[in-house]
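Structure first, commentary second.
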Amino acid sequence: MPTENKIPVIYVAGPYRAATRELIAENIAVARSVAVSTARLGWFPICPHTNTAHFDDDLPNQDQFFLDGTLTLMERCDAVVLINGWRYSAGTLSEVHRAREIGMPIFACLEDLPSAAEFNGVKVPWRTYTGTDN
């Protein structure tokens, strides 16, 4: 639960896998950009895209391992922010499902994410994704 003096931790959720290494690199770059933007708002970002970038080269066929690990990380965060295209990512859909199960705030996009100070001081439920649109 957020408190006034605590830096809230945000989990960046969005597509990682793609048809080519170039498209994977693009997904990583987009996630990194969102993570940097969250930090500028005062959040501490957890970005699994950059944490395990291209590990699939060294640990092939480990999709479940990575999903389980990232879900464990996400559960330790204060909120989730979604990246465009998340609806087309099986991993992100699993993350959204789990976040809903545990009642974690989910922000549909970076533009909906309040500053860390606002998150700590004032609840803004109208900005939180409930899963009812699109």
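One point on numbering: in numbering that gives the first Met the number 0, the residue at position 116 of the sequence shown is 115, and numbering is uninterrupted. All C-beta atoms in this analysis are idealised placements derived from N, C-alpha and C, irrespective of residue type, glycine included.
Endpoints, alpha helix (DSSP H) assigned at residue i
| i | result |
| --- | --- |
| A98 | A89 to E100 |
| A38 | R20 to R39 |
| A116 | A115 to G120 |
| M73 | D62 to E74 |
Residue nearest to residue i in terms of C-alpha spacing, selected from the options
| i | options | result |
| --- | --- | --- |
| R31 | F118, R99 and G13 | G13 |
| P44 | C108, A34 and Y87 | A34 |
| Y15 | I105, I101 and E94 | E94 |
| A24 | H48, P7, A89 and K5 | H48 |
| I6 | R20, C76, Q63 and L22 | C76 |
| E110 | F64, V80 and L92 | V80 |
Straight-line gap, residue i to residue j (C-alpha atoms, nearest Å)
| i | j | result |
| --- | --- | --- |
| L40 | I82 | 16 Å |
| W85 | S114 | 22 Å |
| L112 | T19 | 30 Å |
| V29 | T69 | 18 Å |
| S88 | G120 | 33 Å |
| T2 | W42 | Bear in mind that the predicted position of T2 carries a pLDDT of just 49, short of 50, making it unreliable; the figure below should be weighed with that in mind. Answer to the nearest angstrom: the Cα atoms are 13 Å apart. |
CB contact flag (residue i, residue j, <8 Å)
| i | j | result |
| --- | --- | --- |
| I9 | A107 | no |
| T51 | V11 | no |
| A116 | I105 | no |
| G90 | L72 | no |
Which residues DSSP lists as bridging residue i, in chain order
| i | result |
| --- | --- |
| F43 | V8 |
| L81 | A12 |
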